[in-house]
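See below for the structure under consideration.
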Amino acid sequence: MSVRVRFAPSPTGYLHVGGLRTALYNYFFARHNNGKLILRIEDTDRSRFVENAVENLLKTLTWAGIEFDEGPHVGGPFGPYIQSERLEIYRKYANVLVESGWGYYAFDTAEELENARKSSPHHEFKYDRYKMRNQFTLGEAETKRLINSGVPYVIRLKVPENQQIRFVDIIRGEIIVNTKDIDDQVLLKSDGFPTYHLANVVDDHLMRITHIIRGEEWLPSVPKHILLYDAFGWEVPAMAHLPLLLNPDRTKLSKRQGDVAVEDYIEKGYFRDAFVNFIALLGWNPSGDREIFSVEELIEKFQLEKVNKSGAIFDVVKLDAINAKYWYSKPIDELAEMFSYWVEKRGFKGFSNEYLARVVALLRERVKKLPDIIDFAPYMFERPKKYDSSDLKKHWSNNVENYLNDILNILKSVNEFTHQNIHDEIMKYLNEKNLKLKELIHPLRLAITGLSYGAGMFETMEVLGKDEVISRLEEFLTNVLPTLSNKS
RNA sequence: GGCGCAUUCGUCUAGUGGUUAGGACACGGCCCUCUCAAGGCCGCGGCAGGGGUUCGAAUCCCCUAUGCGCUACCA
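Numbering (this note's numbering), first residue to last: 150 to 637.
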């Protein structure tokens with residue numbers, strides 16, 4: 150039997166990084182086994198409807214490089230792949246359950262349930278089918294009458310009293326749960342929509358899903374699902390429950406403690422392949438010391454059995470480190486093209502991709518991701534707004550003004566403004582004056598960039614260009630240096 | 001409260017009865033150096049605790065502790 154897996158998110162408006170990992174593992178597993186990957190939208194909660202959520206999801210999934218064989222956007226033999234468009238199917242199967250005695254009607258209102266919960270100590274409430282308002286307490290005739298007169302109802306699962314349910318999770322091994330700990334789950338809500346449990350089981354069966362790969366938060370629900378498969382007489386798919394992605398405090402990854410939407414990380418400038426690489430290795434790794442893998446390698450090496458059991462903290466510092474390792478795997482003009490997005494977004498206009506390419510080449514090894522270049526070296530896009538000489542006192546000579554004036558003249562005389570030529574001319578001058586480079590380069594850096602750190606000064610000047618460098622140096626000598634000298 | 005799952009350096013992890021418990025990130029030091037990085041070298045740092053099983057346990061079993069998840073007409 151050929152492998153069929155699915156990624157089944159609810160459309161919340163963005164893709165959670167945990168969701169991305171689940172999608173990735175499904176994708177790796179499908180490709181590794183020459184199987185099919187299905188996208189299914191689980192939008193059975195009408196109160197959580199979000200406009201354009203499916204489009205956003207697809208856009209982000211596409212960014213990550215995940216391709217689906219079936220789904221709302223590509224079709225497939227078992228469509229529609231949006232649950233809100235499949236309501237008739239769930240209703241039909243809910244009725245099958247009622248007829249076979251596995252499901253029953255219940256009429257309790259939200260208030261009644263809430264009161265029952267309140268009056269039970271320590272959250273010990275369990276739905277008692279022999280006390281609440283339902284088919285068992287009301288009788289067949291009354292039940293029929295209420296339904297015919299349009300009273301809202303739900304259909305609940307009649308869970309066996311005291312029965313061991315056992316199943317094998319590919320990642321965790323055998324798990325045993327007693328049905329006495331399971332509530333009579335609502336399957337069909339009073340608005341006619343199914344709950345997750347019903348829709349999920351019905352769709353996974355109908356869509357011929359062979360392996361369910363999803364987050365660990367679903368593990369406690371598996372017995373309910375097994376009861377449903379049994380009730381329908383269906384085969385239970387293989388299951389693999391992935392460990393959770395965690396906040397630094399080890400709680401389930403959530404907003405509040407940082408960004409959880411993949412879109413946030415795209416916007417921060419992480420490379421697609423670096424981000425995928427990082428996420429893929431959170432909770433799984435193919436053994437060994439390597440940690441940089443292409444998507445093709447991840448697919449080739451992926452094994453569900455090797456997925457870890459315990460949760461992994463989403464550590465941005467590590468993500469930054471991985472991202473930085475991807476600098477040299479990308480053509481410089483591709484980087485410039487990407488970079489132009491952030492440059493313009495920060496309000497800097499009119500820079501050619503050729504210039505941006507030189508800026509990226511000059512500065513990439515000093516930062517972790519593309520947009521960081523702007524914060525690290527704003528002077529590549531605008532004149533220094535202020536000059537911070539506080540770190541430079543130790544390199545400050547009394548003759549700085551004279552030296553810089555000489556340098557200005559030297560720079561003016563350099564015809565071909567390459568870093569090599571600039572270097573040679575300045576070194577010649579230093580030799581004549583018997584000066585060391587470090588006595589001059591720091592004041593010069595301050596004059597040109599306003600900062601005390603940055604890429605190599607000769608290279609920086611080359612990229613900035615002769616006119617700009619000279620202009621900045623003149624500005625510094627006439628307007629800035631006098632004020633600095635007075636202070637020091 | 002109940003049920004379930006988990007537990008190797010601060011973090012991500014390798015490890016499946018015999019290893020000086022390995023790597024990466026972070027951190028500290030040194031080298032390099034025009035600063036900041038990058039790079040190179042060195043270092044710091046871990047099997048949650050207690051019982052077993054075994055000639056021998058990070059690896060197998062039990063208990064405890066801790067953490068997390070679930071416990072909705074949310075997924």
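Idealized CB from N, CA, C, for every residue including glycine.
Separation of residue j from residue i, as counted between CA atoms
i	j	result
Leu-613	Gln-232	57 angstroms
Met-281	Asp-413	46 angstroms
Pro-319	Phe-488	What sits at residue 319 in the sequence shown is Ile, not Pro. Whole-angstrom Cα-Cα distance: 43 angstroms.
Gly-364	Ile-314	20 angstroms
Arg-495	Phe-530	10 angstroms
Arg-594	Asn-554	14 angstroms
Val-308	Ile-375	11 angstroms
Gly-221	Gly-382	Before going on, a small fix: residue 221 reads as Pro here, not Gly. Straight-line Cα distance between these residues: approximately 28 angstroms.
Asn-457	Phe-463	15 angstroms
Glu-445	Arg-189	24 angstroms
Arg-532	Gly-599	8 angstroms
Glu-310	Val-223	44 angstroms
Ile-619	Leu-512	21 angstroms
Asp-353	Glu-191	12 angstroms
Val-409	Phe-427	14 angstroms
DSSP three-state assignment for residue i, whether helix, strand or coil
i	result
Lys-577	helix
Met-642	Residue 642 cannot be examined here, being either before or after the span of the chain that is shown, 150 to 637.
Pro-124	Not covered by the structure: residue 124. The range shown for the chain is 150 to 637.
Leu-626	helix
Glu-273	coil
Lys-401	strand
Arg-532	coil
Tyr-176	helix
Val-456	strand
Trp-433	strand
Gly-168	helix
Phe-381	helix
Ile-441	coil
Asn-396	coil
Ala-470	helix
Val-409	coil
Contacts around residue i, its chain only, beta-carbon distance under 8 angstroms, and the 5 residues preceding and following it disregarded
i	result
Ile-571	Leu-560, Val-563, Phe-607, Met-610 and Glu-611
Ala-510	Ile-481
Thr-209	Tyr-163, Leu-164, Leu-169, Val-411, Glu-412 and Ile-415
Phe-178	Val-152, Val-154, Gly-184, His-360, Ile-362, Phe-451 and Leu-453
Lys-479	Phe-420
Status (buried if at least 16 other CB within 10 Å, exposed otherwise) for residue i
i	result
Tyr-602	exposed
Asn-628	exposed
Pro-631	exposed
Thr-400	exposed
Ile-523	buried
Tyr-490	exposed
Thr-171	buried
Val-516	buried
Leu-393	buried
Ile-331	buried
Lys-518	buried
Lys-267	exposed
Ile-471	buried
Thr-292	buried
Ala-213	buried
Asn-558	exposed
Ala-259	exposed
Pro-270	exposed
Ile-556	buried
His-272	exposed
Leu-505	buried
Spatial neighbours of residue i in its chain, beta-carbon cut-off 7 angstroms, leaving aside the 5 residues before and after
i	result
Asn-205	Gly-162 and Tyr-163
Leu-430	Glu-440
Phe-342	Thr-193, Arg-195 and Leu-236
Ser-249	Ala-380
Phe-525	Leu-512, Arg-515 and Val-516
Close Cβ partners of residue i (< 6 angstroms) along its chain, the five nearest in sequence each way excluded
i	result
Asn-635	Note that Asn-635 has pLDDT 47, beneath the 50 cutoff, so the model's placement of it is unreliable and the number below is only indicative. Once the five neighbours on either side are set aside, Asn-635 has no close Cβ partner at all.
Pro-301	Ser-339
Ala-202	Pro-160 and Gly-162
Tyr-552	Leu-589
Lys-615	Phe-566
His-181	Ile-448 and Phe-451
Asp-218	Lys-185 and Leu-186
Extract the residue ranges of the beta strand (DSSP E) inside the stretch 184-227, only unbroken runs of 3 or more that lie entirely within it. 185-188
Completely contained beta strand (DSSP E) runs for the stretch 311-366, where each covers 3 or more residues: 313-318, 322-327, 335-337 and 360-364
3 or more residues per run - each beta strand (DSSP E) lying fully within the stretch 458-522: none
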